[in-house]
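Below: the structure, in structure tokens.
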Amino acid sequence: MSAHQLIITQRAELLTVLCGGGSAEPLECVLDLLLAWEVLVWEDYLNVRVAEKPLCSNIRQLLDVVHDKGEDACSHFLAAINQVLPEEQKAGLCFGKGCAAVGKNTPDTATLMLLVDRPVLVTKLRDNIDGALDVLLTTGCFTIQDCDGVQLPVYTPSQQVRRLLDQVKFKGETAAKTLLQYLEQAEPTKPKSEDKENHLSADCLLYQKKLRSSVAAQSLFLRTYGGAGRFSLDDIYTDGLLEVVDGSGETTTLGLEDVVGPIGTLNEDADTILLSGEAGSGKSTLLQRLHLLWAREALLTNTFLLFPFSCRKLNAEHRELSLKELLFLHCCWPDRSQDEVFQFILDHPHMVLFTFDGLDEFKQGFRDEERHCCPTKPVPIPVLLFNLLQGTLMKGILKVVTSRPQAVGPSLKHYLRKEVHLKGFSPSGINSFVKKHHSDPAMARRVIDSLQVNTVLLGLCHIPVFCWIVTKCHQELLGGQDGIPQTITDVYLLVLQHFFQRKSSLSQGALGKAWLEEHLDTVLKLGQLALEGLEASCYVFSGYELQRNGLTEQDVSMGFLIFCNDLSVTDCKHYEFLHITLQCFFAALYVVLNRNNNRPAISRFFQPQHRQLSGLSQRCLGHCIDPSVEEEESHVAETPNLQITAQFVSGLLSQRHHSLLLDCCPTAVRERKFKQVVKSLSKGMQTHFKSIPRPVEGEKKSMHAMPSFVWLIKCIYEIQDKSIAQDAVAKLEVEHLKLTYCNIGPMECTALAYVLKHLRNPVGLQLDNNSVGDVGVEQLLPCLHICHSLYLRNNNISDEGIRKLLEKGAKCESFQKIALFNNKLTDACTQHFACLLKTKQNFLALRLGNNNITSQGAEQLAEGLSYNQSLQFLGLWGNTIGDRGAEALANALKNSTTLIWLSLVDNGVGNAGACALAKLISQSKTLVELWLNKNCISRDGVECLIEALKMNTSVKEIWLRGNNLSPEEEEELSKQESRLTF
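Under our numbering, the first residue of the sequence shown carries the number 333, and numbering increases by one thereafter.
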């Protein structure tokens, strides 16, 4: 196989190894070699190494550049990868036959010498950068500003060297000669990192060493997912999908190193970074990974001190503390010179990082009324925390906070630097996670295969905690006789059975069919503890609280509760549930199975009118229905947990689990509770429908659903009753259903399809800016017949997801429009669209902007367009179809009697493409708008368009901003034809 083909077939693997570990160093080393070997010119290098873009985007750009340069460049690129990467990272990669030896011509200038010897110079200068800067400054080649720019603290030593070399090249021949002469004479000096440390006191360095050791010890094992056992974080950690939305609404995928980086910053003056994600999405584990890499000096190398906090544990702190006491009592105590260490923190905030895990579990919601800015004055923990987050106290220290998105109110968002969204696992992430959990490859393959054939379960596994449950309970999953889990209730019953089975097998053997009844006493005691904890926003329990609820050592040994080392002392042990979702599940079990009629009615868990009551009902699930009603933010943090509990309550009362619960609770009691749930869900849905405004004249009647609407849909899905799903949407009469920015992933898609497929009339379903992915697309297929339009912009969808969607869409009469802007589509998807266009002669709109479609894809699309006589709107903004693609499309559309709107913005279209489009204009009797902004069209191409417009009166506007025209040409041409917009 040629090197060119190897680049194509191994693209994903090459991207993974170059992104591995989150460091840009492998990419930088490869670039050094390609510059030295003259594979890349300086302009190529600048286009690839863009600081504002995430690492993965720069790597993709390099792959594209090398691919376009041909076989020789591809061969050298593979050789560079082979030279740079360690052996363990190259496993499985093929590097071809290798490249011919690079014959270097002797450079005739010093600036060229910097490029040819760049890899060697990077190594030499790493230990001599201070001396080099002094020489360049003394000789006048550099200014102080140049030196400061090179030595920015965000750069690693190697990055500082490369910035120095780049700046010297920019300064010219004199600076290059000065640098090379210095290197010839220079003696090896201490590394810059040591020089930096010499400015720090021995006590500060000693404290940093102790803090690193403490953080490493806390982060080394993943105890939360293991109960009594522990996993090494190195062995089990799997990257989740991280995204950030910039001010213009564009979504960017991030690496771990970008969480505290500049990408996605919305407010430069703020210091708090929010890492948000649904329950079980891996927020705590990601933060733990960040801590461990800092402790090992593998990440955040410019952060001198990192202080990790758990909001769950801060709940247990009832004393008033100063900032100094908070840092030293809750993180790491200085052995000496406390005041000196604290003064260093005050004097160098840019070298310190705070992390707060689980803000949604903090008892008191965020408030900004009480100001506090004195670092030595003791105040209550909530006051201290909130003033740190808003920057009143210790301005300049970066804070990373994790929380579920619903728990962060608008008053806190006002103080955010940026919000990073953790979306859970990708399909490849699921496979990687399963393989890491099973040392037996055959067993791992069986689990993965079972997931592939059940996409509902695969959709659940995008949430890491569900993936862990499925992986841990693989024996019950593969050998179970109750069918494959379909809902989160099914999954948690599976883990319940697994833990009881594990304990049972050690004593009397396998569980019987009545396994829940056999352990009912334990379940009820754990359930009561869980529910009381949720009602009081309590997630850590003392030994006394366990004893008060009647829990014994045997109950605790089941593994649902784990011991909290850092909150326990000799005479007072503390425990927490294995995961917050497990606490919610046990609370739901107690609500369903408890026979005591003194407990509040189930309807209170869903109805908003109990919000104003005190006591237990003040904390009921009524908060969940209508988030638009103003309420204290102290209650907002509870809502996500209560919503999860309500889902479990709905699922447990479903007919599917009737036989399991038969002898655990009287049938009459369960039926009464079931009717209450159904009635409450119906009322909740009706509340949403009544809020639908009347349509503006000439517009469609639409409903912009809130996240609580999705929660209601998920509760209905848990029940798994067709008649209830039908009744839920029987009165929904809209033409457009908008669910943008609602954190919809594959699991939510499953629930939506289950309910929406029962709509009476077709709707437009808008799911832009969510996390649908390929698996989510497949989950939507059951409701595709009721969708006349489907909007899936920015949803991480690839060609495979589209293939399945279009196969079903071609058979759905109502399906007429699709929008897929900013996904991961390539030329491979266009053959499926071509097939759709050939077979569906009522298809109206196709929007594929900002994907990876080239001229080849445009030609495939054109084949389908030539047979279609219905398409009205075609959008290919932000692809790379070029002149060849534009010509193919223009030729295919020249006989169209329906086309109204065509966008080829930012596609590399030049004069040849413009002339081809001019022929389309001259023949079309329906085209109204043509968008050609940001292309390469010059005067000749525009004049072709003007000539065509003389024969066409239907075209109202042609947009030509950002082409190869001078201001004078634009003014002259616009006078010739007023329908041109520059």
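Just so it is clear, CB atoms sit at the ideal spot from N, CA and C, and this is done for glycine as well.
Given residue i, which residues of its chain have a CB within under 6 Å of its CB, disregarding the five upstream and five downstream residues?
i, result
"Asn1200", "Leu1169"
"Leu447", "Leu367"
"Phe688", "Phe641, Cys643, Val733"
"Leu1088", "Cys1115"
"Arg495", "Val482"
By DSSP, does residue i sit in helix, in strand, or in coil?
i, result
"Ser525", "Residue placement at Ser525 cannot be trusted, given a pLDDT of 42 that sits under 50; what the coordinates show is reported in the next sentence. Looking at Ser525 - three-state DSSP - the assignment turns out to be helix."
"Leu538", "helix"
"Leu1312", "strand"
"Leu655", "helix"
"Ile729", "coil"
"Ser1055", "helix"
"Gly1096", "strand"
"Gly428", "coil"
"His336", "helix"
"Trp374", "helix"
"Thr1082", "helix"
"Asp667", "coil"
"Phe694", "coil"
Could you check the C-alpha separation between residue i and residue j for me, to the nearest Å?
i, j, result
"Gly1242", "Gly1214", "7 Å"
"Thr1162", "Val373", "33 Å"
"Thr1186", "Leu607", "35 Å"
"Val981", "Leu1152", "36 Å"
"His623", "Gly609", "18 Å"
"Lys1307", "Cys1268", "21 Å"
"Leu858", "Pro817", "23 Å"
"Glu672", "Thr471", "39 Å"
"Ala1142", "Ile1045", "27 Å"
"Asn1295", "Glu1302", "10 Å"
"Thr570", "Lys456", "36 Å"
"Gly1181", "Glu1191", "16 Å"
"Ile762", "Cys799", "7 Å"
"Thr604", "Arg699", "15 Å"
"Arg381", "Gln1052", "51 Å"
"Ser1121", "Lys1063", "20 Å"
"Ala412", "Asp449", "15 Å"
"Leu588", "Leu618", "8 Å"
"Asp1159", "Ala1246", "22 Å"
"Lys755", "Leu1281", "48 Å"
"Phe676", "Asp459", "26 Å"
"Lys1032", "Gln1204", "19 Å"
"Lys429", "Leu363", "21 Å"
"Phe674", "Phe639", "13 Å"
Comparing alpha-carbon positions, which option in the options lies nearest residue i?
i, options, result
"Thr971", "Leu925, Thr913, Leu637", "Thr913"
"Leu789", "His806, Pro773, Asn1127, Thr687", "His806"
"Phe1175", "Glu1191, Gly1189, Asn1182, Leu1206", "Leu1206"
"His746", "Lys615, Asp601, Val785", "Asp601"
"Lys1288", "Leu1297, Glu1309, Glu1300, Cys1276", "Glu1309"
"Asp646", "Glu1080, Leu1116, Pro714, Ala464", "For the sequence presented, residue 646 should be read as Leu rather than Asp. Per the Cα distances, Pro714."
"Glu357", "Asn1154, Leu417, Leu655, Phe937", "Leu417"
Beta-carbon within less than 8 Å of residue i's beta-carbon, same chain only, minus the 5 sequence neighbours each way: which residues are those?
i, result
"Gly875", "Cys904, Lys905, His906, Tyr907"
"Glu345", "Gly424, Leu425"
"Arg834", "Gly891"
"Gln291", "With the chain running from 333 to 1314 in the structure shown, residue 291 is simply not present."
"Arg927", "Cys997, Pro998, Val1001"
Enumerate in chain order the residues of its own chain whose CB-to-CB distance from residue i is below 7 Å, with the five nearest sequence positions on each side excluded.
i, result
"Leu1225", "Leu1197, Leu1231, Leu1252"
"Asp781", "none"
"Lys750", "Val576, Gly596, Thr597, Leu598, Ile605"
Nearest chain D C-beta to residue i closer than 8 Å, yes or no?
i, result
"Gln833", "Among the chains in the structure shown there is no chain D, since it carries only a single protein chain."
task: Can you check the stretch 440 to 527 for any alpha helix (DSSP H) of at least 4 residues that lies completely inside it and give the ranges in chain order?
output: Listed in chain order, the complete alpha helix (DSSP H) runs (minimum 4 residues) inside the stretch 440 to 527 are 442 to 448, 450 to 458, 461 to 470, 476 to 482, 489 to 503, 505 to 517.
task: Only counting runs of 4 or more residues, tell me where the alpha helix (DSSP H) segments fall wholly within the stretch 1112 to 1197, in order along the chain.
output: Counting only runs that start and end inside the stretch 1112 to 1197, the alpha helix (DSSP H) elements of at least 4 residues fall at 1131 to 1141, 1162 to 1171, 1187 to 1197.
message: Extract the residue ranges of the alpha helix (DSSP H) inside the stretch 994 to 1034, only unbroken runs of 4 or more that lie entirely within it.
response: Within the stretch 994 to 1034, the runs of alpha helix (DSSP H) that reach at least 4 residues and sit entirely inside it are, in chain order, 999 to 1022.
field: Within the stretch 1196 to 1241, ranges of the alpha helix (DSSP H) (whole runs, at least 4 residues)
entry: Runs found: 1214 to 1225.
field: Uninterrupted alpha helix (DSSP H) stretches inside the stretch 856 to 939 (no shorter than 4 residues)
entry: Counting whole runs of 4 or more residues, the stretch 856 to 939 contains the alpha helix (DSSP H) stretches 875 to 880, 885 to 888, 912 to 925.
query: Considering only residues of the stretch 571 to 652, which uninterrupted alpha helix (DSSP H) runs meet the minimum length of 4 residues and lie entirely inside it, listed in chain order?
result: The stretch 571 to 652 contains these whole alpha helix (DSSP H) runs: 615 to 627, 643 to 646.
Unbroken stretches of the alpha helix (DSSP H), 4 residues or longer, contained in the stretch 736 to 806: Here the runs fully enclosed are 742 to 745, 759 to 769, 773 to 784, 787 to 792, 796 to 804.
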